[in-house]
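Numbering (the working numbering), first residue to last: 41 to 322.
Idealized CB from N, CA, C, for every residue including glycine.
Below you'll find the structure, written out as structure tokens, and then a few comments.
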Amino acid sequence: MIRLFLEVTKFRLSAAVTLSAVLTFILVRGENVMQMAWSLLAVLLLALGVSALNQYQERDSDAKMARTKRRPIPSGRITPLQVLALSMALILIAMFLIHNELGNLGLILFLFVPLWYNGLYTYLKPHSAFTVVPGGLLGVIPPAIGWLAAGRSLAEPEFLALGLLFFIWQVPHFWLLMAKHDEDYRKGGFPTASEVLGDEAFRRVLFVWWTFTILCGIFAMLIFRVHNPTVIALLIGLDLTAVFFGTKILSEPLTPSRAGALFHKINFFLLATVILLSIDGV
41 MIRLFLEVTK FRLSAAVTLS AVLTFILVRG ENVMQMAWSL LAVLLLALGV
91 SALNQYQERD SDAKMARTKR RPIPSGRITP LQVLALSMAL ILIAMFLIHN
141 ELGNLGLILF LFVPLWYNGL YTYLKPHSAF TVVPGGLLGV IPPAIGWLAA
191 GRSLAEPEFL ALGLLFFIWQ VPHFWLLMAK HDEDYRKGGF PTASEVLGDE
241 AFRRVLFVWW TFTILCGIFA MLIFRVHNPT VIALLIGLDL TAVFFGTKIL
291 SEPLTPSRAG ALFHKINFFL LATVILLSID GV
């Protein structure tokens, strides 16, 4: 039963999403640990809920894809109605918790997630390969919650720089994931960017977004006024390494294995950038 719950809610992915809220809270030296703990639980429950709702929504396409056909609903281990009920319960509990901790602003941010992800994004996904761009806004919500839980304002330049980094990063992150499972996505009825643009043009566009992500990391370093020489050196080294791997997008075919490797590298870039920014303030 526990394993089934973890699968239908994409627990590992949801936990990774929640981690961005934790890192943001640490980054800005939040002191109200209890408020953060409850807010963190709310973020996790919301991520679990919208993930389960997404599996309910995409159960038919999941059944057509090798990567997803063993998920709980397509494999018959749980009924769609049970997943729908579970997702609604998780989302409602998350809404109650975040409103209790962060008030109306927290609730508005949380309401945006299912409306955007399970509404607009999931609806557009079978019709366009470029839904990842508006979908990138979803990546800003967890760090926004971490920022608010630390008692800070979302209007601060530091958060705007951090939010921009998370938003831009989402695009190469998801495009590389789709490139890794390109054939599977096509079988599921989802258009891919490489299919629409052609492989060479797609790699050029992907390189642009990869480069934007690096530039956003540099911008965040400047806005946060990093002063520790060791951290500055590590961030510069991280940026140069990311540039090196980015050039390979243009010079080498984007096979599923290469896309998978680059997927992990862009994720590491984001994680390392936020961690180094956090260390600088210690």
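Other residues of its chain near L302: CB distance less than 6 Å, five sequence neighbours each side excluded: Indexing the sequence shown from 1 puts residue 302 at position 262. Here the set comprises L216.
Endpoints, the alpha helix (DSSP H) within which T251 is located: Position 211 of the sequence shown holds residue 251. Going by DSSP, T251 is part of the alpha helix (DSSP H) stretching over 239 to 263.
Backbone CA spacing between S168 and T232 [nearest angstrom]: Position 128 of the sequence shown, counted from the start, is the residue given in the question as residue 168. Position 192 of the sequence shown, counted from the start, is the residue given in the question as residue 232. Their backbone Cα atoms lie some 8 Å apart in a straight line.
Residue of E71, N158, L85, A103 minimising C-alpha distance to R36: Since the first residue shown for the chain is 41 and the last is 322, residue 36 is missing from the structure and cannot be characterised.
N-terminal and C-terminal residue of the alpha helix (DSSP H) that Y225 is part of: Looking up residue 225 in the sequence shown gives position 185. Unbroken alpha helix (DSSP H) run through Y225: 222 to 227.
Distance, H304 Cα to G179 Cα: Here residue 179 refers to the residue found at position 139 of the sequence shown. Here residue 304 refers to the residue found at position 264 of the sequence shown. Going from the Cα of G179 to the Cα of H304 covers about 17 Å.
Environment of T108 [buried if 16+ CB atoms lie within 10 Å]: As a working mapping, residue 108 is identified with position 68 in the sequence shown. With 16 or more Cβ atoms within 10 Å of its Cβ, T108 is classed as buried.
E173 and M218 closer than 9 Å at C-beta: Within the sequence shown, numbered from 1, the residue matching residue 173 stands at position 133. Within the sequence shown, numbered from 1, the residue matching residue 218 stands at position 178. The identity of residue 173 in the sequence shown is Val, whereas the question assumes Glu. No.
Extent of the continuous alpha helix (DSSP H) run through K305: Along the sequence shown, one-based indexing puts residue 305 at 265. Counting along the chain, the alpha helix (DSSP H) containing K305 begins and ends at 296 to 320.
For E347, three-class secondary structure by DSSP: Residue 347 lies beyond the stretch modelled for the chain, which goes from 41 to 322, so this question has no answer here.
Range of the contiguous alpha helix (DSSP H) that encloses I276: As a position in the sequence shown, residue 276 is number 236, starting the count at 1. It spans 269 to 291 - the alpha helix (DSSP H) in which I276 sits, taken as one unbroken run.
Three-way DSSP call (helix, strand, coil) for S91 in this model: Locating residue 91 in the sequence shown gives position 51, counting from the first residue. Three-state DSSP puts S91 in a helix.
8 Å contact criterion, which I208 and F247 should meet: CB distance rounded: Position 168 of the sequence shown holds residue 208. Position 207 of the sequence shown holds residue 247. Their Cβ separation, rounded to whole angstroms, is 13 Å, which puts I208 and F247 out of contact at 8 Å.
Terminal residues of the alpha helix (DSSP H) in which M112 lies: Reading the sequence shown from its first residue, position 72 is the one you call residue 112. Checking the sequence shown, residue 112 turns out to be Pro, not Met. No alpha helix (DSSP H) contains P112, which DSSP labels as neither H nor E.
Whether L205 touches A260 by CB criterion (9 Å): Counting from one through the sequence shown, the residue named residue 205 turns up at place 165. Counting from one through the sequence shown, the residue named residue 260 turns up at place 220. In this structure, A260 lies closer than 9 Å to L205 by Cβ.
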